[in-house]
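Down below is the structure, laid out as structure tokens.
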Amino acid sequence: AQTVTQSQPEMSVQEAETVTLSCTYDTSESDYYLFWYKQPPSRQMILVIRQEAYKQQNATENRFSVNFQKAAKSFSLKISDSQLGDAAMYFCAYRRLTQGGSEKLVFGKGTKLTVNP
Amino acid sequence: DAGVIQSPRHEVTEMGQEVTLRCKPISGHNSLFWYRQTMMRGLELLIYFNNNVPIDDSGMPEDRFSAKMPNASFSTLKIQPSEPRDSAVYFCASSPGTSGDYEQFFGPGTRLTVL
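Quick note, the sequences are listed as chains V and X, same order. Here this note's numbering is used: the first residue of the first sequence is 1, the next is one more, and so on. Here this note's numbering is used: the first residue of the second sequence is 118, the next is one more, and so on.
Put into structure tokens, the structure is as follows:
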């Protein structure tokens, strides 16, 4: 079974600084997707960024980027120019690649990010 | 688009009572997921459906939990009888369900408290 591990229960960063959240996963599959979700106090789950395992190029979405190391099974999230609105729980998630239908997400336990003004 | 709709947003009930949580997926989405979030266990999948058919219910805790999807626009998660350890936030999510890269869209969640 696939597992996702986030080793940092809590992180903090100063506004405008950069922070990196760690995630490792375990799988025997060669093709899969990885995601970072943000959950602010409103509880809403918001997709931040996604990465296809077959793509070598790291995904980027504005201030958010990932460092995907497939051999090491590592998928870290870097937030640049941190803003107060970035404060939230961040969840790393894994999903198998299938030819049809859909597949469940396997989540890590989350990292609580605090942004200090 | 209204997004995934869940009701109720909050539910407080007493141990032993039946609880029904409801979900309306995004129109046109073929896959629907029920997740549960607790402090101890984090986010975990309970069950998911493709084209209204249950595909994986291995996450359903026990016989007290049941889920149905009678049509493409509605699903329920029922707990009978409820217990205090069922207290959690229950999320419904939907996705287009076709092959390729696609996102799961989450509803706002139902916070269940069992006294």
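Think of the CB as a built atom: it goes at the ideal place given N, C-alpha and C, for glycine as much as any other residue.
Q.
Please list, in chain order, the chain X residues whose beta carbon lies closer than 7 Å to that of LYS104 (chain V).
A. As a first step, residue 104 (chain V) must be located in the first sequence, where it is residue number 104. Those within 7 Å of LYS104 (chain V) in chain X are PHE150, LEU162, TYR165 and ASP173.
Q.
Assuming contact is defined by CB atoms lying nearer than 8 Å, are LEU149 (chain X) and SER211 (chain X) in contact in what I supplied?
A. Here the question's residue 149 (chain X) lines up with position 32 in the second sequence. Here the question's residue 211 (chain X) lines up with position 94 in the second sequence. Yes, the Cβ-Cβ distance between LEU149 (chain X) and SER211 (chain X) is below 8 Å.
Q. So, does the CB of MET45 (chain V) fall closer than 8 Å to a CB anywhere in chain X?
A. Taking the first sequence and counting its residues from 1, one reaches residue 45 (chain V) at position 45. Closer than 8 Å: yes.
**Q.** Residue-level contact to chain V via CB, GLU220 (chain X), 8 Å cutoff
**A.** Position 103 of the second sequence, counted from the first residue, corresponds to residue 220 (chain X). Yes - at least one Cβ of chain V is within 8 Å of the one on GLU220 (chain X).
Q | Residue nearest to ARG158 (chain X) in terms of C-alpha spacing, selected from X:VAL206, X:GLU220, X:PHE222 and X:GLN197 | A | The count along the second sequence starts at 1 and reaches residue 158 (chain X) at position 41. For the residues X:VAL206, X:GLU220, X:PHE222 and X:GLN197, the minimum Cα distance to ARG158 (chain X) belongs to X:VAL206.
Q: Can you tell me which of the three DSSP states LEU149 (chain X) falls into?
A: Working through the second sequence from its first residue, we reach residue 149 (chain X) at position 32. Of the three classes helix, strand and coil, the one that applies to LEU149 (chain X) here is strand, per DSSP.
**Q.** Sequence-distant residues of its chain with Cβ nearer than 6 Å to VAL106 (chain V) (five each side left out)
**A.** Counting from one through the first sequence, the residue named residue 106 (chain V) turns up at place 106. Excluding sequence neighbours, VAL106 (chain V) sits near GLN2, VAL4 and TYR94.
Q. Taking all protein chains shown into account, do 16 or more other C-beta atoms lie within 10 angstroms of the C-beta of LYS104 (chain V), making it buried, or fewer, making it exposed?
A. Start at 1 with the first residue of the first sequence, and residue 104 (chain V) comes out as number 104. By the 10 Å Cβ count, LYS104 (chain V) comes out buried.
Q. What residues from chain V crowd round VAL206 (chain X), counting only those whose CB sits closer than 8 Å?
A. What you label residue 206 (chain X) is simply residue 89 of the second sequence in a count that begins at 1. Neighbours of VAL206 (chain X) on chain V, chain order: ARG43.
Q: Look at the alpha carbon of GLY226 (chain X) and the alpha carbon of PRO40 (chain V), and state the distance between them as a whole number of angstroms.
A: Within the second sequence, numbered from 1, the residue matching residue 226 (chain X) stands at position 109. Within the first sequence, numbered from 1, the residue matching residue 40 (chain V) stands at position 40. Rounded to whole angstroms, GLY226 (chain X) to PRO40 (chain V) spans 13 Å at the Cα level.
Q) Hey, quick one: how far does the beta strand (DSSP E) through CYS23 (chain V) stretch, first residue to last? A) Taking the first sequence and counting its residues from 1, one reaches residue 23 (chain V) at position 23. Element bounds for CYS23 (chain V): n/a, residue is neither H nor E.
Q | CB-CB length for ASN67 (chain V) against LYS78 (chain V), believed under 8 Å | A | Counting from 1 along the first sequence, the entry for residue 67 (chain V) is found at position 67. Counting from 1 along the first sequence, the entry for residue 78 (chain V) is found at position 78. Contact between ASN67 (chain V) and LYS78 (chain V) holds, with the beta-carbon distance rounding to 7 Å and staying under 8 Å.
Q: Please name the residue in X:MET156, X:GLU220 and X:ASN169 whose C-alpha comes closest to that of SER204 (chain X).
A: Here the question's residue 204 (chain X) lines up with position 87 in the second sequence. With distances taken between Cα atoms, SER204 (chain X) lies closest to X:MET156.
**Q.** Within chain V, the residues that GLY226 (chain X) reaches when beta carbons sit closer than 9 Å
**A.** Numbered from 1 along the second sequence, position 109 holds the residue referred to as residue 226 (chain X). Chain V residues near GLY226 (chain X): ARG43, GLN44 and MET45.
Q.
Please classify ILE196 (chain X) as buried or exposed, where buried requires at least 16 other C-beta atoms within 10 Å of its C-beta.
A. If you number the second sequence from 1, residue 196 (chain X) lands on position 79. Buried, since its Cβ has 16 or more Cβ neighbours within 10 Å.
Q: Taking SER76 (chain V) as the reference, give the member of V:GLU15, V:VAL48 and V:GLU17 with the closest Cα.
A: Residue 76 (chain V) sits at position 76 when you count from the first residue of the first sequence. Considering only alpha carbons, the answer is V:VAL48.
Q: Assuming GLN154 (chain X) contacts PHE223 (chain X) (C-beta within less than 8 Å), just tell me the rounded distance between them.
A: The residue given as residue 154 (chain X) occupies position 37 in the second sequence. The residue given as residue 223 (chain X) occupies position 106 in the second sequence. Not a contact, Cβ separation roughly 10 Å.
Q: Closer than 7 Å, Cβ to Cβ, to anything on chain X: give me those residues from the segment 74 to 95 of chain V, in chain order.
A: PHE91
Q | Other residues of its chain near ALA88 (chain V): CB distance less than 7 Å, five sequence neighbours each side excluded | A | Start at 1 with the first residue of the first sequence, and residue 88 (chain V) comes out as number 88. Cβ neighbours of ALA88 (chain V) beyond the five flanking positions: LYS38, GLN39, PRO40 and LEU113.
Q) What's the gap between the Cα of TYR90 (chain V) and the Cα of SER74 (chain V)? A) As a first step, residue 90 (chain V) is located in the first sequence; it is residue number 90 there, counting from the start. As a first step, residue 74 (chain V) is located in the first sequence; it is residue number 74 there, counting from the start. If I take the Cα positions, the gap works out to 16 Å.
Q. Smallest Cα separation from LEU46 (chain V): which of V:LEU97, V:CYS92 and V:LYS109?
A. On the first sequence, residue 46 (chain V) is found 46 positions in, with the first residue counted as 1. First, the residue type needs correcting, since residue 46 (chain V) is Ile and not Leu in the sequence shown. In terms of Cα proximity to ILE46 (chain V), the closest of V:LEU97, V:CYS92 and V:LYS109 is V:CYS92.
Q: Report the neighbours of PHE107 (chain V) on chain X: residues whose CB is nearer than 7 Å to its CB, in chain order.
A: Translated into positions along the first sequence, residue 107 (chain V) becomes position 107. By Cβ distance, chain X contributes GLY159 and LEU160.
Q: Kindly list, in the order they appear in chain V, the residues whose Cβ is closer than 9 Å to that of PHE182 (chain X).
A: Locating residue 182 (chain X) in the second sequence gives position 65, counting from the first residue. The contacting residues do not exist; PHE182 (chain X) stays about 16 Å from chain V at best.
Q. Does DSSP put LEU84 (chain V) in a helix, a strand or coil?
A. Translated into positions along the first sequence, residue 84 (chain V) becomes position 84. Helix, per DSSP.
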